[in-house]
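To start, the structure itself, in structure tokens.
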Amino acid sequence: MSTFIQAVVAGIAAGAVYGLLGAGFSLAYKTTGIINFAHGDIAMLGAYVTFSVFGWGAPLFVAALAGVVAGGLAGAVMERGVLRPLYKRPLVAGILATVGVSVVLQSVIQLVWGSLPLTLPSLASSTPWRIGSVAFSPAQAVLLAVTIIVSTALIFAVDRTRVGRGMRACAQDSGVVVLFGISPERLYLTAFAIAGMLAGLAGALITPTIGLTPSRGVSLSVLGFAAAVLGGLGSVTGAIVGGIAIAVLRNLASVYVSAGYADAVAYLAIVLVLLVRVRGLLGDDLETVRSV
Amino acid sequence: MAPEERDVIPGRRRSRAVAPGDASGAVGLVVEDVVSGYRGAPSVVHDMSLSVAPGEVVAVLGRNGAGKTTLLSTISGVLRCRRGRVALGDEQLSGMPAPRIAAAGVAHVPEGRRVIPGMSVDDNLRLGGYSLRSRTVIEEQLRSVIGLFPMLEPWRRRVAGSLSGGEQQMLAIARGLMGKPRVVLLDEPLTGLAPILRAEVLGVVDAMRTAGHAILIVEQNAAETLPFADRVLVIHEGRITLSGSAAEMASSSAIQEEYLGLPIGRTAGEPCPTREESRRW
Ligand SMILES: Nc1ncnc2c1ncn2[C@@H]1O[C@H](COP(=O)(O)OP(=O)(O)O)[C@@H](O)[C@H]1O
Ligand SMILES: [Mg+2]
Numbered sequence: 002m003s004t005f006i007q008a009v010v011a012g013i014a015a016g017a018v019y020g021l022l023g024a025g026f027s028l029a030y031k032t033t034g035i036i037n038f039a040h041g042d043i044a045m046l047g048a049y050v051t052f053s054v055f056g057w058g059a060p061l062f063v064a065a066l067a068g069v070v071a072g073g074l075a076g077a078v079m080e081r082g083v084l085r086p087l088y089k090r091p092l093v094a095g096i097l098a099t100v101g102v103s104v105v106l107q108s109v110i111q112l113v114w115g116s117l118p119l120t121l122p123s124l125a126s127s128t129p130w131r132i133g134s135v136a137f138s139p140a141q142a143v144l145l146a147v148t149i150i151v152s153t154a155l156i157f158a159v160d161r162t163r164v165g166r167g168m169r170a171c172a173q174d175s176g177v178v179v180l181f182g183i184s185p186e187r188l189y190l191t192a193f194a195i196a197g198m199l200a201g202l203a204g205a206l207i208t209p210t211i212g213l214t215p216s217r218g219v220s221l222s223v224l225g226f227a228a229a230v231l232g233g234l235g236s237v238t239g240a241i242v243g244g245i246a247i248a249v250l251r252n253l254a255s256v257y258v259s260a261g262y263a264d265a266v267a268y269l270a271i272v273l274v275l276l277v278r279v280r281g282l283l284g285d286d287l288e289t290v291r292s293v
Numbered sequence: 484m485a486p487e488e489r490d491v492i493p494g495r496r497r498s499r500a501v502a503p504g505d506a507s508g509a510v511g512l513v514v515e516d517v518v519s520g521y522r523g524a525p526s527v528v529h530d531m532s533l534s535v536a537p538g539e540v541v542a543v544l545g546r547n548g549a550g551k552t553t554l555l556s557t558i559s560g561v562l563r564c565r566r567g568r569v570a571l572g573d574e575q576l577s578g579m580p581a582p583r584i585a586a587a588g589v590a591h592v593p594e595g596r597r598v599i600p601g602m603s604v605d606d607n608l609r610l611g612g613y614s615l616r617s618r619t620v621i622e623e624q625l626r627s628v629i630g631l632f633p634m635l636e637p638w639r640r641r642v643a644g645s646l647s648g649g650e651q652q653m654l655a656i657a658r659g660l661m662g663k664p665r666v667v668l669l670d671e672p673l674t675g676l677a678p679i680l681r682a683e684v685l686g687v688v689d690a691m692r693t694a695g696h697a698i699l700i701v702e703q704n705a706a707e708t709l710p711f712a713d714r715v716l717v718i719h720e721g722r723i724t725l726s727g728s729a730a731e732m733a734s735s736s737a738i739q740e741e742y743l744g745l746p747i748g749r750t751a752g753e754p755c756p757t758r759e760e761s762r763r764w
């Protein structure tokens with residue numbers, strides 16, 4: 002039983018970061034309809050910038066903020082420079098362009114930081130507290146706390162603020178919103194900048210565990226995508242829940258099946274969930290109807 | 484060119500189209516010699532001129548495909564003016580992007596209503612007030628619009644997609660008023676509605692006129708629209724072919740037979756001419 006609890010607790014902390022990745026992914030998708038394959042690479046860029054700023058002697062949390070800003074800038078530049086000219090083309094052109102951005106970002110990272118793996122310390126100690134037989138570290142607590150704060154703010158922003166409402170409306174009918182004084186292009190830029198910041202944050206939080214390598218972004222994109230799809234593409238809350246579900250599943254699979262099968266079991270579970278519920282755990286009915 | 488056509492060209496007979504006493508005519512909506520159409524296609528609207536004063540309802544009648552929607556989309560900036568100009572008071576609208584035109588005081592209630600189906604009635608209304616910017620101003624305006632449309636009160640938390648066509652039309656008009664517009668453009672607000680709801684929509688139009696909005700209403704349903712209009716324009720193939728006061732037009736056999744194909748006064752109970760609801764501009 003305690004193994005089970007331990008796997009779940011560790012899964013929740015790790016999954017919080019997957020959730021942040023998925024949330025940014027979902028926000029960009031929700032507003033623009035674009036599946037951003039460079040999302041994980043933006044996360045890696047954020048992590049590398051964090052690494053460098055920390056290396057220059059800044060406190061780690063200041064360095065992480067720099068990583069967040071770098072991610073936001075990367076998202077904004079990507080939207081302005083690459084995606085905007087393609088909005089008049091079929092959506093698939095923009096989606097393919099994100100694959101190109103992913104490759105370019107990996108090369109840039111390799112050029113600037115080299116291809117050898119680097120390491121980043123975590124924001125808090127990873128010496129665990131023990132509660133009974135369950136271990137939980139300050140580092141995990143920080144992950145969880147940051148995710149809870151950031152995702153709550155994000156959910157509030159999307160749900161209740163004027164700009165968040167504009168984004169949701171834009172996702173459903175970008176043609177009509179101009180009649181209310183909304184500029185879809187401005188919202189697309191905002192969405193990509195916020196998604197980039199979330200990616201940068203997730204990168205700075207996750208790399209102390211997984212290390213920094215230039216090509217690592219691809220697997221982060223897959224994780225973010227999986228979290229977003231499982232939670233229901235377009236739902237920020239869903240992405241957080243989806244991310245945590247994936248991490249918990251992976252941990253349980255590696256404890257009860259085999260570490261080598263962790264990913265396979267987790268993704269199989271996702272497929273099963275989606276077979277039963279196409280729109281994902283918390284997905285929006287209409288969204289699915291529209292895209293079918 | 485019919486002589487009446489000149490009546491509505493604001494540059495020449497502005498005094499008639501605009502509130503008296505305003506020498507510059509700088510209050511209502513003015514459309515001058517506008518030519519427009521769709522990307523990569525020939526012009527659909529040709530040399531269109533009209534004006535709408537505050538507190539005035541101008542009806543544009545014309546058959547399916549006459550260019551009514553194109554005209555409204557050009558005024559609201561969804562389509563670019565190829566020639567001519569559109570102005571609201573002293574402010575030139577043509578050339579501005581659509582969101583800025585909306586913020587300048589033009590509410591375009593589009594064909595087919597276009598409510599945001601997955602959002603609540605309240606959120607749809609708040610969206611209409613997007614250009615008001617401040618949250619407190621938007622909430623204040625929301626209360627006052629709900630006051631004008633008490634029928635919306637019980638649906639406020641419902642998802643807009645679950646409303647009936649008539650309810651959605653009310654919502655679309657109310658949403659248009661959220662931005663505190665000076666000009667309201669209504670594109671076929673009666674289409675697809677039951678007679679009782681059509682009367683309700685026209686009642687709302689009447690109230691908006693009393694409140695001082697300049698209203699341009701586009702319709703195929705002449706019989707029901709005419710009694711609510713102050714002036715009427717008939718357009719055919721993108722040109723104004725007839726214009727005059729609503730009273731003149733109601734008695735004109737020409738528009739009854741030639742342009743509308745609907746004997747006036749006998750169609751109140753008949754269904755509106757139907758058309759594909761979902762078509763976008
Ligand atoms: N999106 C579009 N692209 C190209 N042509 C269009 C488009 N929408 C309408 N048209 C054409 O413009 C003309 C006028 O259409 P429209 O303004 O919608 O007429 P109405 O609103 O009076 O029924 C028609 O000939 C129609 O085929
Ligand atoms: Mg039309």
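Protein chains in written order, with the working numbering: chain R, 2 to 293; chain V, 484 to 764.
Just so it is clear, CB atoms sit at the ideal spot from N, CA and C, and this is done for glycine as well.
Quantities reported herein were computed from a predicted structural model and do not represent experimental measurements.
Would you mind sorting residue i into buried or exposed? The rule is 16 or more other CB atoms within 10 Å of its CB.
i                      : result
residue 547 of chain V : exposed
residue 149 of chain R : exposed
residue 194 of chain R : buried
residue 302 of chain R : What is shown of chain R runs 2 to 293, which leaves residue 302 of chain R out entirely.
residue 157 of chain R : exposed
residue 179 of chain R : buried
residue 209 of chain R : buried
residue 633 of chain V : exposed
residue 196 of chain R : buried
residue 215 of chain R : buried
residue 155 of chain R : buried
residue 614 of chain V : buried
residue 189 of chain R : buried
residue 295 of chain R : An answer regarding residue 295 of chain R cannot be provided, because it is not within the stretch 2 to 293 covered by chain R.
residue 714 of chain V : buried
residue 512 of chain V : buried
residue 510 of chain V : buried
Kindly indicate if chain R contains any beta-carbon less than 8 Å away from that of residue i.
i                      : result
residue 712 of chain V : no
residue 603 of chain V : no
residue 525 of chain V : no
residue 637 of chain V : no
residue 611 of chain V : yes
residue 581 of chain V : yes
residue 662 of chain V : yes
residue 690 of chain V : no
residue 621 of chain V : yes
residue 585 of chain V : yes
residue 606 of chain V : yes
Would you verify that the beta carbon of residue i is, or is not, closer than 8 Å to some beta carbon of chain V?
i                      : result
residue 167 of chain R : yes
residue 163 of chain R : yes
residue 159 of chain R : no
Residues of chain R with a CB under 9 Å from the CB of residue i: which are they?
i                      : result
residue 614 of chain V : 181, 182 and 183
residue 718 of chain V : What residue 718 of chain V touches in chain R: nothing, since even the nearest Cβ is about 22 Å away.
So which residues of chain R does residue i contact, with C-beta pairs closer than 7 Å?
i                      : result
residue 559 of chain V : 180
residue 599 of chain V : 170, 173 and 174
residue 424 of chain V : Since the first and last residues shown for chain V are 484 and 764, residue 424 of chain V lies out of range.
Applying a beta-carbon distance threshold of less than 8 Å, which residues of chain V neighbour residue i?
i                      : result
residue 177 of chain R : 593, 597 and 599
(request) Please go through the segment 71–155 of chain R and give each complete alpha helix (DSSP H) segment of 4 or more residues, from N-terminal end onward. (result) 92–114
(message) If we require 3 or more residues per run, which beta strand (DSSP E) segments fall completely within the segment 569–654 of chain V?
(response) 589–592
(message) Please enumerate, following chain order, all residues with a beta carbon closer than 6 Å to at least one heavy atom belonging to ligand 1.
(response) V/521, V/524, V/527, V/545, V/547, V/548, V/549, V/550, V/551, V/552, V/553 and V/764
(request) Output the residue ranges of the beta strand (DSSP E) runs that lie fully inside the segment 244–287 of chain R and measure 3 residues or longer, sorted by chain position. (result) none
(message) Which runs of the alpha helix (DSSP H) at least 4 residues long sit entirely within the segment 152–221 of chain R? Give them in chain order.
(response) 163–173 and 185–211
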